[in-house]
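*Asks:*
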Amino acid sequence: MKNSAKIQCGFVLAILLPPAGLPLRSAEIDAARLPPPAGVPVDFERDIKPIFEQSCFRCHGPERPKSRFRLDNRESALKGGENNKDDIVPGDSAQSKLIHYVTRLVEDLEMPPSGKGEPLTSEQIGLIRKWVDDGARWPPGAETIKRETQFSITPMAQWITVGGNEQKFREHWGQKKGFTAGYDRFEMIEPVGKDTELKVEGRALFPQEDYRIGLTLTRPDVGFVRAGYDTYRKYFSDTGGFYPPLNQPALSLGRDLHEDFGKAWFDVGLARPDWPKLVLGYEYQSRKGDESTLQWGPVVTNNIAPAYKQVDESAHILKLDASHEFSGVLLEEMFRGEFYNLSTRQNAFISSGSPTLMPISQVDESYKHFVGANALSLEKQVFDWLLLSGGYLYRKLDGDGALSQAIGFAASPRIVLSQQTHVVNANAQLGPWNGLSGFGGVQLEWTRQKGNGEIDSDLDFDTASTIATGTVFSDLDKFTRDEEIGLRYTRIPFTVLFAEARWQQEDLDQFEDEMDSAAGAGIFARDTDASSELKEARAGFTLSPWANISLSSHYKHRIRDTDYDHVTDTNATPSGSSFIFSGNGYSAFIRNRRLETDEIEAKLAWRLNRWLKTTLTYQLTATDYHTTTDAAVGLDSFNNVVSASPGGQFFAGNYDAQVYSFNAALTPGRRFYISGTFSYRDTRLATSSDFDPVVVPYRGKVYSVLGNMSYALNDKTDLRVNYAFSRADYRQQNDAAGLPQGIVYRRHGATASLTRRLLKNMSGTVQYGFFYYTEPTSGGANNYKAHAVLATISIRLP
Numbered sequence: 081m082k083n084s085a086k087i088q089c090g091f092v093l094a095i096l097l098p099p100a101g102l103p104l105r106s107a108e109i110d111a112a113r114l115p116p117p118a119g120v121p122v123d124f125e126r127d128i129k130p131i132f133e134q135s136c137f138r139c140h141g142p143e144r145p146k147s148r149f150r151l152d153n154r155e156s157a158l159k160g161g162e163n164n165k166d167d168i169v170p171g172d173s174a175q176s177k178l179i180h181y182v183t184r185l186v187e188d189l190e191m192p193p194s195g196k197g198e199p200l201t202s203e204q205i206g207l208i209r210k211w212v213d214d215g216a217r218w219p220p221g222a223e224t225i226k227r228e229t230q231f232s233i234t235p236m237a238q239w240i241t242v243g244g245n246e247q248k249f250r251e252h253w254g255q256k257k258g259f260t261a262g263y264d265r266f267e268m269i270e271p272v273g274k275d276t277e278l279k280v281e282g283r284a285l286f287p288q289e290d291y292r293i294g295l296t297l298t299r300p301d302v303g304f305v306r307a308g309y310d311t312y313r314k315y316f317s318d319t320g321g322f323y324p325p326l327n328q329p330a331l332s333l334g335r336d337l338h339e340d341f342g343k344a345w346f347d348v349g350l351a352r353p354d355w356p357k358l359v360l361g362y363e364y365q366s367r368k369g370d371e372s373t374l375q376w377g378p379v380v381t382n383n384i385a386p387a388y389k390q391v392d393e394s395a396h397i398l399k400l401d402a403s404h405e406f407s408g409v410l411l412e413e414m415f416r417g418e419f420y421n422l423s424t425r426q427n428a429f430i431s432s433g434s435p436t437l438m439p440i441s442q443v444d445e446s447y448k449h450f451v452g453a454n455a456l457s458l459e460k461q462v463f464d465w466l467l468l469s470g471g472y473l474y475r476k477l478d479g480d481g482a483l484s485q486a487i488g489f490a491a492s493p494r495i496v497l498s499q500q501t502h503v504v505n506a507n508a509q510l511g512p513w514n515g516l517s518g519f520g521g522v523q524l525e526w527t528r529q530k531g532n533g534e535i536d537s538d539l540d541f542d543t544a545s546t547i548a549t550g551t552v553f554s555d556l557d558k559f560t561r562d563e564e565i566g567l568r569y570t571r572i573p574f575t576v577l578f579a580e581a582r583w584q585q586e587d588l589d590q591f592e593d594e595m596d597s598a599a600g601a602g603i604f605a606r607d608t609d610a611s612s613e614l615k616e617a618r619a620g621f622t623l624s625p626w627a628n629i630s631l632s633s634h635y636k637h638r639i640r641d642t643d644y645d646h647v648t649d650t651n652a653t654p655s656g657s658s659f660i661f662s663g664n665g666y667s668a669f670i671r672n673r674r675l676e677t678d679e680i681e682a683k684l685a686w687r688l689n690r691w692l693k694t695t696l697t698y699q700l701t702a703t704d705y706h707t708t709t710d711a712a713v714g715l716d717s718f719n720n721v722v723s724a725s726p727g728g729q730f731f732a733g734n735y736d737a738q739v740y741s742f743n744a745a746l747t748p749g750r751r752f753y754i755s756g757t758f759s760y761r762d763t764r765l766a767t768s769s770d771f772d773p774v775v776v777p778y779r780g781k782v783y784s785v786l787g788n789m790s791y792a793l794n795d796k797t798d799l800r801v802n803y804a805f806s807r808a809d810y811r812q813q814n815d816a817a818g819l820p821q822g823i824v825y826r827r828h829g830a831t832a833s834l835t836r837r838l839l840k841n842m843s844g845t846v847q848y849g850f851f852y853y854t855e856p857t858s859g860g861a862n863n864y865k866a867h868a869v870l871a872t873i874s875i876r877l878p
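In the numbering used here, the protein residues as written are 81 to 878.
1) When DSSP labels each residue in this structure, what does L185 get in the three-state scheme?
2) Using C-beta distances below 6 Å, list every residue in its chain close to F851, excluding the 5 sequence neighbours before and after it, in chain order.
3) Report yes if the C-beta distance between A682 and T695 is below 9 Å; otherwise report no.
4) In whole angstroms, what separates the C-alpha of V721 from that of L556?
5) Kindly list the residues whose CB is nearer than 6 Å to the CB of G417, restricted to its own chain and excluding five residues on each side of it in sequence; keep chain order.
6) Once DSSP output is grouped into helix, strand and coil, what is the label at S858?
7) Assign W211 to one of three DSSP states: helix, strand, or coil.
8) What is the DSSP secondary structure of W253, reduced to helix, strand or coil?
9) Buried or exposed: which applies to A151, given that a residue is buried once 16 or more other Cβ atoms fall within 10 Å of its Cβ?
10) What would DSSP say about E246, mapped onto helix, strand or coil?
11) Just mark W218 as buried or exposed, buried being the case when its beta carbon has 16 or more other beta carbons within 10 Å.
12) Look at G258 and R313 and say whether their C-beta atoms are less than 9 Å apart.
13) Taking 7 Å as the limit between beta carbons, can you name the residues of its chain near Y323, skipping five residues before and five after?
14) So if DSSP puts V739 in a beta bridge, which residue, or which two residues, is it bridged to?
15) What residues in its chain sit with their C-beta under 6 Å from that of F419, if we drop five residues either side in the sequence?
16) With 16 other CB atoms within 10 Å as the buried threshold, where does I168 fall?
17) For R352, does the three-state DSSP call read helix, strand or coil?
18) So, with DSSP's three-state summary, where would you put S554?
19) Comparing alpha-carbon positions, which option in L468, Q499 and Q461 lies nearest K476?
20) If you run the structure through DSSP and keep just helix, strand and coil, what is A111?
21) Enumerate in chain order the residues of its own chain whose CB-to-CB distance from Q230 is below 6 Å, with the five nearest sequence positions on each side excluded.
22) Got a sec, what are the start and stop residues for the beta strand (DSSP E) F132 sits in?
23) Please go through the same chain and pick out, in chain order, the residues whose beta-carbon is closer than 7 Å to the beta-carbon of R836, but skip the five residues on each side of it.
24) State the DSSP-derived secondary structure class of K274, mapped to helix, strand or coil.
25) In whole angstroms, give me the CA-to-CA distance for F669 and S394.
26) Grab me the residues of Q255's own chain with a C-beta within less than 7 Å of its C-beta, minus the 5 sequence neighbours each way, in chain order.
27) Looking at the structure shown, is F559 part of a helix, part of a strand, or coil, going by DSSP?
28) Look up L632 in the DSSP assignment and say whether it is helix, strand or coil.
29) Can you check which of these residues, I875, G518 and E592, is closest to D649 by C-alpha distance?
30) List, from N- to C-terminal side, the beta strand (DSSP E) runs of 3 residues or more that fit wholly inside the segment 489–528.
31) Report the residue from W691, L614, R674 and D444 whose alpha carbon sits nearest the alpha carbon of A744.
32) Within the same chain, show all residues whose beta-carbon is closer than 6 Å to that of D587, passing over the 5 residues directly before and after it, in chain order.
33) Where S657 and Y735 are concerned, what is the direct C-alpha to C-alpha distance, given to the nearest angstrom?
34) Here's a check: name, in chain order, each residue in its chain whose Cβ is nearer than 6 Å to the Cβ of Y698, leaving out the five neighbours to either side.
35) What does the alpha-carbon distance come out to for the pair A792 and S833?
36) Using a Cβ distance threshold of 8 Å, determine whether the segment 771–790 contacts the segment 804–822, with at least three qualifying pairs required.
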């Protein structure tokens with residue numbers, strides 16, 4: 081489920097954050113690079129329609145046109161698609177983006193795309209240019225969209241057999257074994273009245289619990305109504321960890337772990353010309369079921385017993401969006417109100433070494449809140465060289481939660497939380513002037529959070545005493561300032577240079593304490609002032625000395641430095657202790673954290689010829705972690721006071737990663753297309769505890785291969801093959817001293833399908849799939865081998 085944090089975070093990011101980079105304005109196409117218009121009269125039926133049928137109608141015909149751009153009638157073609165309104169400019173082919181795309185002058189927008197048809201010849205492009213220059217006329221009967229009922233449906237049947245760990249297969253591929261039947265997709269478009277359209281679409285797969293129904297009623301220049309329901313199932317493996325010295329297989333829960341995700345929505349929109357655009361909506365999201373967790377319980381001396389959590393989560397979301405443009409100012413208003421509820425039960429188990437699992441803990445948690453968020457943004461193109469924008473967000477959350485532990489040490493705390501946030505930002509985009517353009521943005525954020533709670537039963541670990549009733553309090557104030565600037569320079573021939581910088585300053589004041597209500601004594605108190613500073617710079621270039629070669633590279637440096645001033649750090653002292661623990665608390669002994677990252681990336685794209693395009697990418701990332709602490713004391717096994725840490729700055733850890741990838745796309749003929757990607761990733765994470773044999777560096781490699789091929793056997797039959805492979809080796813050799821955490825696996829997935837056009841409006845597909853997985857670090861418990869057979873029939877009317 082898209083949980084509360086994701087909903088609110090995405091809402092804020094979409095509205096308020098300054099631009100991460102300055103998008104380059106659409107490059108001017110040099111008309112001299114376009115094939116000249118044909119010097120002969122052009123007839124649509126004789127010259128243009130055959131080209132469209134051969135190369136365009138497959139993606140831009142009447143059936144589910146890509147980017148909503150249709151070429152089967154004049155009205156739709158001149159409207160353009162989702163991204164452009166000037167795909168075809170009657171009388172001016174040089175300014176028509178359709179010509180730019182078919183001439184293959186716009187990178188990543190070459191038409192037809194690789195594998196979807198042979199590139200157009202200069203003669204064909206010349207005919208289309210002449211036709212556009214003459215007014216882009218269609219024959220009578222093709223001037224407007226035919227308003228008629230359209231219906232399509234794709235019945236399907238599938239059989240999957242799995243040998244080995246069925247639950248691991250389900251977790252990887254989202255399908256369960258056995259027979260599945262239903263409708264992979266169905267759609268009906270029904271004209272209503274003069275210009276209103278009703279669309280119904282969906283899917284239904286039994287018994288995969290995968291269903292969708294969506295309805296859209298649209299009337300151009302008036303508005304729309306949208307409603308629907310969507311649900312699908314996510315699976316989890318119930319197998320725990322594996323420790324070779326125990327000489328026993330990995331344990332399993334024997335439970336069918338899965339969660340059902342659901343969403344229902346209803347939106348009403350008003351889209352009258354020259355009126356404010358309004359959307360009023362409601363959405364319900366849910367997640368319910370059992371999921372695996374990594375809070376594993378002990379098996380003898382190692383925590384490898386599997387665990388799971390029962391989840392019941394729901395959210396009711398109210399939304400109101402409004403936008404209007406007046407006097408060149410675009411004003412957007414967005415409101416979200418969310419009623420959120422979450423209940424979980426976490427179950428952990430213990431085993432003495434036998435296959436039997438016994439419950440060791442059961443923790444029930446509940447949480448609910450209401451959060452309201454309102455964002456306002458403005459944007460204005462003041463001059464051709466100056467675009468200004470700004471925004472403001474207010475967010476208020478009120479929530480409460482509870483926790484109870486029925487097994488183990490009983491505790492029943494209750495928590496109340498309130499939080500409010502103000503965010504304001506301002507941005508500017510400038511240029512270009514003689515090839516130089518830039519952007520800048522500033523954002524301020526202030527958050528205040530208050531929490532308090534009651535505890536029915538708790539254990540004070542410092543004094544080893546029981547707290548019958550207690551209270552906890554916490555306050556947090558955070559003020560953050562973000563600044564970002566960027567420059568682009570394009571006047572050097574065949575070259576684009578760019579530089580970006582970002583700064584962030586954050587001040588945080590955090591207070592928390594716990595009281596023993598019955599004894600009237602303090603358990604602990606913490607008052608910390610923290611200040612953090614982030615500095616990030618990135619610079620690079622793109623070089624394309626020839627039309628078929630492009631080289632790009634960048635370097636990024638990032639530093640985050642955080643200081644902690646612990647104004648108060650007290651905790652209860654054991655009775656009769658000969659020394660004072662107070663001020664020795666975690667994490668208040670940490671005084672400074674510093675993270676420093678360097679990143680280098682290079683990419684070479686080379687189109688060797690019209691049928692072979694390759695891309696090579698390399699990335700290097702290195703991060704160092706430094707920590708400064710106070711000196712700390714503790715007790716040894718004889719209860720003598722000893723130094724636990726001398727304090728000062730030390731090297732806390734290091735992360736290094738290298739990534740290599742290679743991609744190739746081949747189109748040796750009109751009927752044949754093949755592409756493949758190979759990537760290799762080498763990473764290493766080490767900490768200052770590496771001198772201890774229990775903790776060893778987490779180092780390993782990941783190889784992955786993705787490939788797909790399509791081949792038109794004849795005019796009615798297509799063959800498609802897809803293959804995915806990945807291999808990881810993060811094996812750790814610390815069996816004797818600790819518990820190895822690394823994983824070693826190999827995973828294969830291959831499908832081959834044959835599609836045959838049986839009739840004008842009917843096609844059939846048969847597909848075979850093979851899936852294979854081995855994981856030596858699980859002792860083979862997660863291994864599986866699966867076969868799948870699928871058949872579909874696609875019917876379209878008329």
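Ideal Cβ positions, reconstructed from N, Cα and C, are used throughout, including at glycine. None of the values given here were measured: they were computed from a predicted structure.
*Replies:* Answer, in terms of the structure:
1) coil
2) G829 and A866
3) no
4) 35 Å
5) L398 and G452
6) helix
7) helix
8) helix
9) A quick correction: the sequence has Leu, not Ala, at residue 151. Buried, because 16 or more other Cβ atoms sit within 10 Å of the Cβ of L151.
10) helix
11) buried
12) no
13) N382, I384 and L819
14) Q699 and R761
15) H396 and F450
16) buried
17) coil
18) strand
19) Q499
20) helix
21) I269
22) Run containing F132: none in the beta strand (DSSP E); it sits in the alpha helix (DSSP H), K129 to S135.
23) K796, T797, S843 and G844
24) coil
25) 39 Å
26) I240 and Q288
27) strand
28) Residue identity differs from the one stated: residue 632 is Ser in this sequence, not Leu. Here S632 sits in strand by DSSP.
29) E592
30) 493–513
31) W691
32) F559 and S611
33) Because S657 sits at a pLDDT of 47, beneath the cut-off of 50, its placement in the model cannot be relied upon, and the point is left open.
34) A682 and Y740
35) 12 Å
36) yes
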